[in-house]
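Q: Start counting at 1 in the sequence shown, then tack on 130, and there's your number in our numbering.
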Amino acid sequence: MSEFAIQVKNLTKTYKLYQNNKRRIIEGLFPKIKSQHTEFHALKDVEFSIKKGEIVGIIGKNGSGKSTLLKIITGVLNPTSGSVLVEGRISALLELGAGFNPEYTGIENIYLNGTLNGITRDEMSRRIDDIARFADIGDFIHQPVKNYSSGMFVRLAFAVAVYSDPDILIVDEALAVGDAAFQAKCMARMNQIMRTGATVLFVTHDMNTVKRLCQRCIYLENGTKIMEGDAEELADIYLKRIRAAMNEEHLKLDQNRESIKKHSETEIENNNERKNIGSDEKIVDRVEMQRFENEHFIEKTRLFREGTGTVEFIDFKLLDENDKETYSFAFDQKMKLRILLKVNSSETFAVAYHIKDDKNMELLGSSTLRETGEMIQGESGEIYEIVLTTRLPVVEGNYNIMLLASRPVIENRTAMFLSLIENAAVFTVEENFKLKLWDKVYLKNEVNVKKLCRMRESSV
131 MSEFAIQVKN LTKTYKLYQN NKRRIIEGLF PKIKSQHTEF HALKDVEFSI KKGEIVGIIG
191 KNGSGKSTLL KIITGVLNPT SGSVLVEGRI SALLELGAGF NPEYTGIENI YLNGTLNGIT
251 RDEMSRRIDD IARFADIGDF IHQPVKNYSS GMFVRLAFAV AVYSDPDILI VDEALAVGDA
311 AFQAKCMARM NQIMRTGATV LFVTHDMNTV KRLCQRCIYL ENGTKIMEGD AEELADIYLK
371 RIRAAMNEEH LKLDQNRESI KKHSETEIEN NNERKNIGSD EKIVDRVEMQ RFENEHFIEK
431 TRLFREGTGT VEFIDFKLLD ENDKETYSFA FDQKMKLRIL LKVNSSETFA VAYHIKDDKN
491 MELLGSSTLR ETGEMIQGES GEIYEIVLTT RLPVVEGNYN IMLLASRPVI ENRTAMFLSL
551 IENAAVFTVE ENFKLKLWDK VYLKNEVNVK KLCRMRESSV
């Protein structure tokens, strides 16, 4: 037996694109005349192998070929050239409910799906109760599927897919179905399958999920595999490219910069009392300004910097409650983030930070806009000191901080990244010896314990 669950070799999928049906008919009738179509390569010479028991993510922008790849692996599509070798039973969460007969009842479709997946009727009979319990659609499981609501349909389809005991589980973004409670149940069941040692192929745009679940990643772009390697490393590369692409789009939309600036200046004039932005402003020359710049910090973070550069982080320190610089904190200790930034070009912006754990999961964070309700109106040549103070109610371990200066493009939706630094600082939270923590974050609870009754002792 092979050590690989999936082997993809020189895989290509090409579609013929016609301007209209007339050209398609002409080419069909007269195959020797000049080609009437153009070719689109959904996949081109893609090659990789996945070992049994591995959890691998497939990432890439929309249109990069991810869905086409999954459909070929599952046998829904045939490749134009190349080959796919699969060893083991596949359960694919792609198009939920594909193959269901709307005239059949839920129970009948469960057996039908089992037959399509090579599972005997006796095996499916042993799983019926688990599937029905998971789907939780009540007596509708005995009714024709055509009478189901869309919610009931996907619940049953997902339940059937995850109870087929797959050797290989393929999960597309379509996983996000049903309400929050059902999604949580889906994720719990998927975790169970992963713990059995099944091979998992995971497609998602959520890089936190990739970092948390996957060991390796395959990065597709325009139908071609451009990278393959460590999941965390590739997820960061993907995020960096996405942020750069977003900034390019925002710059195209941001042609009315002068009117925005004029509006901002009017806001400042109408808001003479700026409560949250203090001032110890001094007029200094270029040489004096350089003394604010921490050359070691700038050099250390050079490779992790992104953004337009209109705002630039020039120093960053972590301080305790006594303003002493430190990178080791006790549980729930107060931490001050002292940020120095330089405005290179007049800009309206907010500054934020995100505290991440060793898996790069964002746990805590805030911003000047969230805390003050105001944007900073920066003029070229100004230097700002920003101090944000928080507490660290987190389990012991190592953490890193991402710094971000941005300007909203669509409020609460998307922003222009002016300056962003991954791993701007790393710090440690020491073990809490008084009370062991089992969760990543702890917030104090209110507790009310009340004894309600006691069973009477029986008399003989």
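C-beta atoms are modelled at their ideal positions from N, C-alpha and C, and glycine is treated no differently.
Using the Cα positions of G495 and L331, report the straight-line distance between them to the nearest angstrom.
A: Roughly 31 Å between the two C-alpha positions.
Q: With distance defined between alpha-carbon atoms, name the residue in D462, T440, L369 and Y278 nearest to L471.
A: Selected option, being the one with the closest Cα: T440.
Q: Cβ atoms of C347 and A328: under 7 Å apart, would you say?
A: It is not a contact, given that the beta carbons lie outside the stated cut-off.
Q: So, is V579 buried or exposed, given that buried needs 16 or more other C-beta atoms within 10 angstroms?
A: Exposed, since its Cβ has fewer than 16 Cβ neighbours within 10 Å.
Q: List the endpoints of the continuous alpha helix (DSSP H) containing G281.
A: Element bounds for G281: S280 to V292.
Q: To which residues of the same chain is A535 closer than 6 Å at the C-beta, ignoring the five residues directly before and after it?
A: Within the same chain, A535 has close Cβ partners V441, F479, V481, L548 and S549.
Q: Roughly how many whole angstroms lie between the Cα atoms of I398 and N474?
A: Here the model assigns I398 a pLDDT of 44, short of 50, so the residue's position is not dependable and the matter cannot be decided.
Q: For L493, tell me which candidate among Y572, P274, D453 and D302 has the shortest Cα-Cα distance.
A: The shortest Cα separation from L493 among Y572, P274, D453 and D302 belongs to Y572.
Q: In angstroms, rounded to a whole number, what distance separates the CA positions of T396 and E512?
A: Only weak support is given to the placement of T396: the predicted model assigns it a pLDDT of 47, under 50, and the question is left unresolved by the model.
Q: What does the alpha-carbon distance come out to for the pair D445 and F312?
A: Roughly 46 Å separates the two Cα atoms.
Q: Where does D302 land, buried or exposed, given buried means 16+ other C-beta within 10 angstroms?
A: Buried, by the Cβ-count rule.
Q: Would V186 pass as a contact of V138 if the rule is Cβ separation under 7 Å?
A: No, Cβ-Cβ distance for V186 and V138 is not below 7 Å.
Q: Would you kindly report the start and end of the unbroken alpha helix (DSSP H) that includes F264?
A: F264 -> alpha helix (DSSP H) spans R251 to A265.
Q: Touching or not, the region 526-546 and the region 555-564, by the rule of three or more beta carbon pairs under 8 Å?
A: Counting Cβ pairs under 8 Å, three or more are found: they touch.
Q: Between which two residues does the alpha helix (DSSP H) carrying N239 extend?
A: It spans G236 to L246 - the alpha helix (DSSP H) in which N239 sits, taken as one unbroken run.
Q: Assuming G158 is part of the alpha helix (DSSP H), what are its boundary residues?
A: It spans N151 to L159 - the alpha helix (DSSP H) in which G158 sits, taken as one unbroken run.
Q: From R468 to L448, what distance separates their C-alpha atoms?
A: Whole-angstrom Cα-Cα distance: 6 Å.
Q: Under 7 Å, do D462 and R521 count as touching if we go by C-beta distance?
A: Yes.
Q: Ignore the nearest five residues each way along the sequence and tell me which others in A172's own chain have a CB closer than 8 Å to its CB.
A: Here the set comprises K143, T144, Y145, G195, T198 and G353.
Q: Who are the Cβ neighbours of K181 in its own chain at under 8 Å, not counting the five residues just before and after it?
A: Excluding residues within five positions, the ones whose Cβ falls inside 8 Å are E133, F134, A135 and T329.
Q: Could you check the C-alpha separation between I220 and I531 for me, to the nearest Å?
A: Looking at the two C-alpha atoms, the distance is approximately 40 Å.
Q: What residues match up with P538 in a beta bridge as DSSP calls it?
A: Beta-bridge pairing links P538 to A545.
Q: For the alpha helix (DSSP H) that S197 lies in, which residues bound it at each end?
A: Its alpha helix (DSSP H) spans residues K196 to I203.
Q: Look at the alpha carbon of M546 and the alpha carbon of G508, and state the distance between them as a whole number of angstroms.
A: Looking at the two C-alpha atoms, the distance is approximately 15 Å.
Q: Quick check: the region 147-161 against the region 228-247, are at least 3 beta-carbon pairs closer than 8 Å?
A: Too few Cβ pairs lie closer than 8 Å, so no.
Q: By the DSSP assignment, the alpha helix (DSSP H) with F563 in it spans what residues?
A: Looking at the DSSP string, F563 is not in any alpha helix (DSSP H), and its letter there is neither H nor E.
Q: Contact check, V333 vs I188 under 8 Å by CB: the rounded distance?
A: So it is a contact: roughly 5 Å between Cβ atoms.
Q: Report the option in S476, N490 and V517 whose CA atom is closest to the CA atom of Y502.
A: Looking at the sequence provided, one finds Thr at residue 502 rather than Tyr. For the residues S476, N490 and V517, the minimum Cα distance to T502 belongs to V517.
Q: Hey, would you say V290 sits closer than 7 Å to N243, going by beta carbons?
A: For V290 and N243, yes; Cβs fall inside 7 Å.
Q: How many Å lie between E184 and F459 at the Cα?
A: Rounded to the nearest angstrom, the two C-alpha atoms are 36 Å apart.
Q: Please identify the residue among N140, L159, L582 and G236 whose C-alpha is closest to the C-alpha of M254.
A: Checked all of N140, L159, L582 and G236; the closest Cα to M254 is G236.
Q: How many whole angstroms separate the CB atoms of K486 and E436, which I take to be in contact at a CB cut-off of 8 Å?
A: Rounded, the Cβ-Cβ distance is 16 Å, inconsistent with contact.
Q: Which stretch, first to last residue, makes up the alpha helix (DSSP H) that contains F427?
A: Per DSSP, F427 belongs to the alpha helix (DSSP H) from E425 to K430.
Q: Short of 6 Å in beta carbon distance, which residues of its chain neighbour E169, apart from the five on each side in sequence? Order them along the chain.
A: Around E169: T144.
Q: Below 8 Å on the Cβ atoms is my guess for L533 versus Y483; work out the distance and round it to an integer in Å.
A: Correct: roughly 6 Å between the Cβ atoms.
Q: So, for S594: in the same chain, excluding its five sequence neighbours on each side, which residues have a beta-carbon less than 7 Å away from its beta-carbon?
A: As displayed, the chain neither begins before 131 nor continues past 590, which places residue 594 out of reach and without an answer.
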